[in-house]
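In the working numbering, the protein residues as written are 11 to 266. Accompanying notes for the structure given below.
As structure tokens, this is what we get:
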């Protein structure tokens, strides 16, 4: 980055990630520390030179996918745009971020890539490989407006309050944005990331992860027609990563 004359801030830590039960406070601290340079610049200059913030939690990705998701965020006028992250389940790909991702009906994404979302519009656009609206997402790669983290919004990552879902900081961030009317959230199914080389190779070998589209999907508009989302979302237990736990072992809570 120095060779390219790019400003950068490198934050290193020897902290050890805790177990799942204590993960959220740890990640809140990590993510908010990463935002400090942005907040400090904006506070000093009363503005920020940046228009977008990219959060990349996955280690294997294609650079073109980052640019593609930035373009999706712009063309869809999205407040939050996400890709899809996958893991390897004994040679079969499965969707990873079931703890955060919620379709527009408020249900957790399924681990099965062919049965990812429950709402009809989302499924149709997913089959057509078009961006689709969701209630919440993160999915290993997320793009947001930089202004959310300074300006009048001053959004931060946080843990749940007593009357809220004991969920991840990423789900709570989506809820906080939605409470401000910033609820245009989309997933671009063509943008995919993983956390291991083996899963990345498996992902490339699969090509499409979806069954043949049913009906005429060529007539679908490229733009997302935003609708009002569910008044409630599924609140997943901490052990949501357990197979088959989606939408079964948790509770439904208010999104307002």
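Yeah, the Cβ is synthetic: ideal placement off N, Cα and C, and Gly gets one too.
Exercise for the section: Counting only the same chain and skipping the five closest in sequence on each side, list residues whose C-beta sits under 7 Å from that of residue 129. Expected result: Closer than 7 Å at the Cβ level, and outside the excluded window around residue 129, lie 113, 114, 115.
Problem - Sequence-distant residues of the same chain with beta carbon closer than 6 Å to residue 250, five excluded per side - result: Caution applies to residue 250, whose pLDDT of 49 falls short of 50 and renders its modelled position unreliable; the model cannot decide the point.
Exercise for the section: With DSSP collapsed to three states, give me the class of residue 263. Expected result: strand
Handout entry: residue 173 burial status per 10 Å Cβ neighbour count (16 or more: buried)
Key = Exposed, because fewer than 16 other Cβ atoms sit within 10 Å of the Cβ of residue 173.
Problem - Backbone secondary structure at residue 131 - three-state DSSP - result: helix
Problem - Helix, strand or coil at residue 117 [DSSP, three-state] - result: In the displayed model, residue 117 falls within coil according to three-state DSSP, outside both helix and strand.
Handout entry: Euclidean distance between Cα positions of residue 266 and residue 191
Key = 10 Å
Practice task
Report the three-state DSSP secondary structure of residue 200 (helix, strand or coil).
Solution key: strand
Handout entry: residue 59 versus residue 65 - alpha carbon distance
Key = Roughly 17 Å between the two C-alpha positions.
Problem - Straight-line Cα distance separating residue 105 from residue 253 - result: In this predicted model, residue 253 has a pLDDT of only 44, less than 50, meaning its place in the structure is not dependable; the value taken from the coordinates is given anyway. Straight-line Cα distance between these residues: approximately 11 Å.
Handout entry: N- and C-terminal bounds of the alpha helix (DSSP H) containing residue 282
Key = The requested residue 282 does not occur in the structure, where the chain is confined to residues 11 to 266.
Handout entry: Nearest residue (CA-CA) to residue 237, options 138, 131, 77, 83
Key = 131
Exercise for the section: May I ask you to list the residues that DSSP assigns as paired with residue 95? Expected result: 203
Problem - Every unbroken beta strand (DSSP E) inside the region 132-169 [3 residues or more] - result: 142-146, 151-155
Practice task
Run the CB neighbour count on residue 15, radius 10 Å, all protein chains shown included, and call it buried at 16 or more, exposed below.
Solution key: exposed
Exercise for the section: Mind checking who residue 70 pairs with in its DSSP beta bridge? Expected result: 204
Problem - Rounded separation between residue 233 and residue 85 - CA only - result: 8 Å
Problem - Segment limits, beta strand (DSSP E) that includes residue 105 - result: 102-105
Problem - Status (buried if at least 16 other CB within 10 Å, exposed otherwise) for residue 245 - result: buried
Exercise for the section: For residue 235, verify whether its CB is less than 6 Å away from any heavy atom of the ligand ZN. Expected result: In terms of ligand content, the structure shown is empty, and the ligand ZN therefore cannot be addressed.
Exercise for the section: Please determine if the region 37-53 and the region 153-173 are in contact, where contact requires at least 3 C-beta pairs separated by less than 8 Å. Expected result: yes
Handout entry: Cβ-Cβ distance between residue 83 and residue 91 below 7 Å
Key = yes
Exercise for the section: Go ahead and label residue 27 buried or exposed: buried means 16 or more other beta carbons lie within 10 angstroms of its beta carbon, across all protein chains shown. Expected result: Classification for residue 27: exposed.
Practice task
Look at the Cβ atom of residue 139, then the Cβ atom of residue 199, and state whether they are nearer than 7 Å.
Solution key: yes
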